[in-house]
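Chains A and B are the protein sequences, given in the same order.
Counting from 1, position 45 in the first sequence corresponds to residue 45 in the UniProt record's numbering; the numbering is continuous, with no gaps.
Counting from 1, position 40 in the second sequence corresponds to residue 40 in the UniProt record's numbering; the numbering is continuous, with no gaps.
Built from N, CA and C at the ideal position, the CB exists for glycine as well.
All figures in this text were calculated on a predicted structure; none of them were measured in a lab.
Beneath this line is the structure, given in structure tokens, with notes to follow.
Protein chains: 2
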Amino acid sequence: MNAPLIEKTCGFADSQSVAAKLAALSHPARIEILRHLSASRSCCCREVVDHLDLAQSTVSQHLKILVDAGLVRYEPDRQRSRYEVDSDALADVSASLAALVNSCCTGR
Amino acid sequence: MNAPLIEKTCGFADSQSVAAKLAALSHPARIEILRHLSASRSCCCREVVDHLDLAQSTVSQHLKILVDAGLVRYEPDRQRSRYEVDSDALADVSASLAALVNSCCTGR
DNA sequence: AGCGTTCATCGTCTATCGGCGATAGACGAT
DNA sequence: ATCGTCTATCGCCGATAGACGATGAACGCT
Chain A
1 MNAPLIEKTC GFADSQSVAA KLAALSHPAR IEILRHLSAS RSCCCREVVD
51 HLDLAQSTVS QHLKILVDAG LVRYEPDRQR SRYEVDSDAL ADVSASLAAL
101 VNSCCTGR
Chain B
1 MNAPLIEKTC GFADSQSVAA KLAALSHPAR IEILRHLSAS RSCCCREVVD
51 HLDLAQSTVS QHLKILVDAG LVRYEPDRQR SRYEVDSDAL ADVSASLAAL
101 VNSCCTGR
């Protein structure tokens, strides 16, 4: 991932990119997925499906969204593909939001 | 919609509510609006419209979304309605996300 | 070879989002 | 009383999200 540090100096991460990352997190199923992934060190899709009461195709879609957003790493072992939380990326999103909130609280 | 199963193990805000708040933030226009609101202590809709290059109706919609999400306070003076960032609520969202991220990093 | 499992993708359906213009209500000013 | 301004809401639309089932490919195992 890029541009984790640049924010605080002067500019912010542009609204576009912040919004995009938050969008990936703005669905309860995806948050559940993240929690489950982090709880069990690494997961295959099936595990998540069992845990979530959603169709396999739906879960796969959500996983893809998380991967595309860069929040989850994906190792495409044909069977038992493994998904794993990217903690750094996640922390980055959190930091971006915190920076935004902070700027809003200080008034600039 | 049901995802009632797992939450209690960790005891965070449920995924649903976290996702809802993040959803309100997951649009570049709304992030811009928040920034503008915080920069100028309080705003009427018109100010935001001038700043954002969007139709007035669209801006009003976005403001409503932010208000409904509890992130912006709204004082309905008939003319010159005033919108103001709710810093506490915003900080709360940030904290929720931080908690989620933290739990993901620590693995539990 | 054949079976069961896992997974990604495709197509489809519905609901919601995001945008706009138009409109109506409520002022302030003339 | 009328005009102009500012808001909020309504109706409409295209596009996207979110869900599902079906399908086919890639294994592991017997």
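Secondary structure at C43(A): strand, using DSSP grouped into helix, strand and coil.
Rounded to whole angstroms, the separation of the alpha carbons of D53(A) and R30(B) is 32 angstroms. CA-to-CA, the gap between A39(A) and L71(B) works out to about 30 angstroms. Note on geometry: alpha-carbon atoms of A19(A) and P28(B) lie some 5 angstroms from one another. For L25(A), the closest C-alpha among the options N102(A), L90(A), V48(A) and Y83(A) is that of L90(A). Note that the C-beta distance between L37(B) and C43(B) is below 7 angstroms.
Looking at the DSSP output, V72(B) bridges to V85(B). For I31(B), the chain A residues whose C-beta falls within less than 8 angstroms of its own C-beta are S15, V18, A19 and L100, listed in chain order. By the rule that beta-carbons nearer than 7 angstroms mark a contact, C105(B) touches chain A. Below 8 angstroms, enough C-beta pairs join the region 85 to 100 of chain B and the region 85 to 105 of chain A to call them touching: three or more.
Around the CB of K64(A), fewer than 16 other CB atoms lie within 10 Å, so the residue is classed as exposed.
Under the DSSP assignment, A20(B) falls in the alpha helix (DSSP H) whose first and last residues are S15 to L25.
For chain B, none of the residues of the region 67 to 82 of chain A brings a beta carbon within less than 7 angstroms of one of its beta carbons. By the CB criterion at 7 angstroms, S15(B) and E32(A) fall inside the cutoff. CA-to-CA, the gap between D88(A) and C105(B) works out to about 8 angstroms. Taking all protein chains shown into account, D77(B) has fewer than 16 neighbouring C-beta atoms within 10 Å of its C-beta and is therefore exposed.
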